[in-house]
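Everything on this sheet refers to the single structure shown next.
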Amino acid sequence: MTACRASPENSPATICWAKFFPASASENKVIRPATPDDIPVIERIVAQAYRPYIARIGATPGPMLDDYTARVGQGVVHVLQEGGAIHAVLVLIPEPGCLLLDNIAVLPSAQGKGYGRVLMQYAEDVARLAGYSTIRLYTQEMMTENISIYLRYGYVETHRAQELSLHRVFMKKTLHQNPKAE
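Last residue of the sequence shown: 181 in numbering that gives the first Met the number 0, with the numbers rising by one and none dropped.
Right, here's the structure in full:
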């Protein structure tokens with residue numbers, strides 16, 4: 000396996016994805032920066048993942064309205080690919096003092112395979128590599144299953160607020176540096 004190092008800019012693209020998968024499976028699974036060719040698949044994954052929430056929240060979820068051409072151009076979109084097919088999307092936005100986990104979406108047909116867990120861990124590693132000690136996110140108040148997932152992963156609710164007529168729950172997680180491998 001090739002050594003994985005951060006670039007001088009601590010680019011998320013330099014994180015070694017192989018550690019997230021068992022050695023036997025890592026040949027077929029990749030977390031990588033999204034490319035312009037990925038945009039139609041990214042938009043389809045996001046639409047399928049968030050469509051069930053439209054009726055519940057009475058609005059189109061923000062990730063379905065995002066400009067993925069711009070986001071991919073900014074270098075903030077990552078995809079999880081297995082066997083050549085993209086199954087999940089992650090959007091990480093650097094902010095002053097923390098990394099924003101802006102979106103995580105897994106194809107409904109690929110849910111339950113651990114991709115979300117892998118991307119959550121990847122996001123934390125990206126944040127650490129970039130020198131952040133905090134990662135934050137927000138979700139819709141009515142997306143209760145997502146709130147439960149984030150709580151299980153160690154996020155704490157910081158506040159609730161109404162933005163753009165949406166009732167949002169804001170959460171953060173304080174990151175601890177990983178112990179050095181020996």
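Just so it is clear, CB atoms sit at the ideal spot from N, CA and C, and this is done for glycine as well.
Can you have a look at residue i and say buried or exposed, based on whether 16 or more other CB atoms are within 10 angstroms of its CB?
i             : result
valine 45     : buried
leucine 64    : exposed
lysine 171    : buried
histidine 175 : exposed
proline 107   : exposed
alanine 84    : exposed
proline 62    : buried
leucine 136   : buried
aspartate 66  : exposed
aspartate 36  : exposed
Would residue i pass as a contact of residue j if the rule is Cβ separation under 8 Å?
i             : j             : result
valine 105    : alanine 48    : yes
tyrosine 131  : leucine 89    : no
alanine 122   : leucine 100   : yes
glutamine 139 : tyrosine 52   : yes
glycine 113   : asparagine 27 : no
Specify, as a first and last residue, the run of the beta strand (DSSP E) that residue i falls within.
i            : result
glutamate 94 : 84–94
tyrosine 137 : 133–139
leucine 100  : 97–105
leucine 79   : 76–81
Excluding the five sequence neighbours on either side, which residues of its own chain have a C-beta within less than 6 Å of the C-beta of residue i, listed in chain order?
i             : result
leucine 165   : none
isoleucine 56 : Gln139 and Met141
valine 40     : Ile85
Output the boundary residues of the alpha helix (DSSP H) element that contains residue i.
i            : result
valine 40    : 38–49
threonine 59 : Premise fails: threonine 59 is in no alpha helix (DSSP H) and is neither H nor E.
valine 125   : 114–128
alanine 160  : Per DSSP, alanine 160 belongs to no alpha helix (DSSP H); it is in the beta strand (DSSP E), 155–162.
To the nearest whole angstrom, what separates the beta carbons of residue i and residue j, a pair I think is in contact under 8 Å?
i             : j            : result
alanine 129   : valine 71    : Not a contact, Cβ separation roughly 19 Å.
isoleucine 38 : threonine 59 : Actually they are not in contact, since the Cβ atoms of isoleucine 38 and threonine 59 sit about 18 Å apart, beyond 8 Å.
Excluding five sequence neighbours on each side, which residues of the same chain lie with their C-beta closer than 8 Å to the C-beta of residue i?
i              : result
isoleucine 103 : Ala87, Val88, Leu89, Val90, Gly115, Leu118, Met119 and Ala122
glycine 96     : Tyr131 and Thr133
glutamate 42   : Tyr67
Whose C-beta lies closer than 7 Å to the C-beta of residue i among residues of the same chain, with five residues either side of it excluded?
i            : result
serine 23    : Only weak support is given to the placement of serine 23: the predicted model assigns it a pLDDT of 39, under 50, and the value that follows is read from those uncertain coordinates. Counting only Cβ-Cβ distances below 7 Å, and skipping sequence neighbours, we find nothing.
alanine 126  : Leu98, Ile134 and Leu174
valine 168   : Tyr137, Thr138, Glu140, Ile146, Glu156 and Arg159
alanine 109  : His86 and Ala87
glutamine 73 : none
Can residue i be considered in contact with the ligand NAD, in the sense that its beta carbon sits closer than 7 Å to one or more heavy atoms?
i            : result
threonine 68 : Within the structure as shown, the ligand NAD is missing, as the structure has no ligands at all.
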